[in-house]
Ligand SMILES: Cc1cc2nc3c(=O)[nH]c(=O)nc-3n(C[C@H](O)[C@H](O)[C@H](O)COP(=O)(O)OP(=O)(O)OC[C@H]3O[C@@H](n4cnc5c(N)ncnc54)[C@H](O)[C@@H]3O)c2cc1C
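In our numbering, the protein residues as written are 9 to 601.
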């Protein structure tokens, strides 16, 4: 896969939509200049295309296996991970006090988009480590931070997230793993399922973040604590000590991401795994949410990365495959001449660009929220990041289902045949709407915690910004912009009405908000995507007006027009569904389903 085309797209979105240059004003980000950003992304792209991507198919075919109690990864993964570490990639946006490079999370998001495009199963391992670092850094004691973070930031040790148990999936209040205090540490006993990269031989140690319950803990989520449980205990001098009582007992057989070991973890089979408390007792879920929110933005990027890859793959096939005749062309044509194939490709391209824009805007909000000098800016950007996080997670990953499925469709019958590779993108993508909180859970978070709880404050601010943008878009001359403006205004009106409806009627019956939630989230994603596509088009028009003849800018405007005509109208359909309430969903008795 070539990274040149996406690199140009990425740089455009970073500059014009996420305003990456504004980050250099924050203390610590002074070095993130446009030249530095370009140089880093080029290197990330080279690593993606020359090292990580060639392992994608091998990883799918071989998968990770459990052999004599050890997880064996597919050929080449160990060497690729070593190169990833030697090049310093794990520390890209990590704190300098633990020897990270301290660069913006936004830059990390763009780099991880390329690694996800190349090989999502591989990219998952450093992604989870980064989330674990964020949680430990935010909530761990100095001793814990100094013991674990330098090696995790360097990538010498990886991190995992241990939430799920057979009876506790979306509902973490049901977590049963036990923690008992023993002197300075705790003994952990219990079983976790579905733990991504829960064991492997790529590093000397693995640092598990585990949710568990103390014997006298209150019921439900208020009785959950967070523990670090290292695979190997760490001696006082920082060297690796004894093997801890924590191991992978089996691996799941899955639809996709075969190279990523999804482990059943057993803690305490031989008396208890040694664990160290992170944060306060019984307040572990809040600490784990630091990691989960990080991962939710990153899983959104998985959606964008897979979508970009599926699009490029389908595009190459559509230019190559000859089939049928097309009005105005001589003889048999390549399938990209057919209007319907072009429609599919543009659907893939425009959804990918819209998702990228939204994910980058949310990542920039993350940087402002944590690094801006002004407290008011930090607070308002945190509110924006919190509002956008479930939309990035759920909308970008739902779009990836559509895009990767269309990728198969563009290939015709060959799409269904594994050797073309299109099917792998679709299979790998299937998990991303499920883990890190399903689309339903994200939608519940959006409508409940992010809209109803603050009585619409955060969303109203965003809608006010969209209203200002509406006037700017209307003022732009040209046929393409007239179409974008009409569709944007209609979508914005619908979103304003839906939001009002949710605020007024969302609590009317116990099920109203739940019934509306996913369609409301999809409506928001679609409308925000249209906003960012139109914003891109305006930026492209400025370049053309300044004399640029680069086809890239014309393409931007035409792609935004396609989105306005073919994707934006979905907003109104979602709005109708949102406002129809819970009746049709809840009136049917369970017996009559
Ligand atoms: C490949 C893979 C990797 C994973 N990696 C990890 C990992 O590293 N660490 C980890 O801890 N876990 C991991 N998971 C677990 C994953 O996060 C859960 O599978 C996911 O959160 C859903 O939980 P569940 O499977 O129990 O489904 P359930 O919670 O049983 O959900 C089933 C369905 O019911 C819906 N539902 C449930 N509750 C509600 C509700 N309150 N409102 C509306 N709808 C609801 C869901 O949306 C879903 O459609 C992984 C899973 C897989 C398959």
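Cβ coordinates follow ideal geometry from the N, Cα and C atoms, glycine included. Quantities reported herein were computed from a predicted structural model and do not represent experimental measurements.
- Cα-Cα separation between residue 204 and residue 107, rounded to whole angstroms: Spanning the two alpha carbons is a distance of roughly 26 Å.
- Query: Using the beta-carbon count (16 or more within 10 Å), is residue 300 buried or exposed?
  - Reply: Its Cβ being crowded by 16 or more others within 10 Å, residue 300 is buried.
- Message: In this structure, how does DSSP classify residue 189 when only helix, strand and coil are distinguished?
- Response: Strand.
- Item | residue 275 Cβ short of 7 Å to ligand 1 heavy atom set | The answer is no for residue 275.
- Item | Nearest neighbour of residue 445, chosen from 145, 142, 177 and 111 [CA to CA] | Nearest C-alpha to residue 445: 177.
- Compute every distance between the C-beta of residue 170 and the non-hydrogen atoms of ligand 1, then say whether any falls below 7 Å. Yes - ligand 1 has a heavy atom lying nearer than 7 Å to the Cβ of residue 170.
- Task: Run the CB neighbour count on residue 50, radius 10 Å, all protein chains shown included, and call it buried at 16 or more, exposed below.
- Result: Counting Cβ neighbours within 10 Å, residue 50 comes out exposed, since fewer than 16 surround it.
- Message: Can you list, in chain order, the residues of its chain with a C-beta nearer than 8 Å to that of residue 16? Leave out the 5 residues immediately preceding and following it.
- Response: Within the same chain, residue 16 has close Cβ partners 560.
- Task: With DSSP collapsed to three states, give me the class of residue 371.
- Result: Note: residue 371 maps to helix in three-state DSSP.
- Task: Give the C-beta separation of residue 428 and residue 422 to the nearest angstrom, bearing in mind that I take them to be a contact with Cβ-Cβ under 8 Å.
- Result: Contact between residue 428 and residue 422 holds: CB atoms are separated by about 5 Å, below the 8 Å threshold.
- Would DSSP call residue 174 helix, strand or coil? Here residue 174 sits in coil by DSSP.
- Message: For residue 380 and residue 591, what's the separation of their Cα atoms in angstroms?
- Response: Computed Cα separation, rounded: 46 Å.
- Item | Residues that DSSP places opposite residue 238 in a beta bridge | Per DSSP, the beta bridge partners of residue 238 are 215.
- Query: Going by the beta-carbon positions, is the gap between residue 289 and residue 440 smaller than 8 Å?
  - Reply: Going by C-beta atoms, residue 289 is not nearer than 8 Å to residue 440.
- Evaluate residue 546 with the Cβ neighbour count: other Cβ atoms within 10 Å of its Cβ, from every protein chain shown; 16 or more gives buried, anything less gives exposed. Classification for residue 546: buried.
- Message: Given the structure, does residue 444 come close to ligand 1, in the sense that its CB is under 7 Å from one of the ligand's heavy atoms?
- Response: Yes, Cβ of residue 444 sits closer than 7 Å to a heavy atom of ligand 1.
- Message: For the alpha helix (DSSP H) containing residue 251, name the first residue and the last one.
- Response: First-last for residue 251: 248-251, but that is the beta strand (DSSP E), not the alpha helix (DSSP H).
- Query: residue 326: which of 354, 302 and 304 sits nearest, CA to CA?
  - Reply: Residue 326 has its Cα closest to that of 354, out of 354, 302 and 304.
- Based on Cα-Cα distance, which residue from 11, 118 and 55 lies nearest to residue 367? Ranking 11, 118 and 55 by Cα distance to residue 367 puts 118 first.
- Taking 7 Å as the cut-off, does the CB of residue 344 come closer than this to any heavy atom belonging to ligand 1? Residue 344: no, Cβ never under 7 Å from ligand 1.
- Item | Short Cβ contact (8 Å threshold) for residue 67 with residue 124 | No, the Cβ-Cβ distance between residue 67 and residue 124 is not below 8 Å.
- Exposure label - residue 181; buried when at least 16 CB within 10 Å: Taking all protein chains in view, the Cβ of residue 181 is surrounded by fewer than 16 other Cβ atoms within 10 Å, so the residue is classified as exposed.
- Item | residue 449 to residue 530 span [Cα, whole Å] | When rounded, the distance between both Cα atoms is 13 Å.
- How many Å lie between residue 510 and residue 593 at the Cα? Taking the straight line joining both Cα atoms gives about 17 Å.
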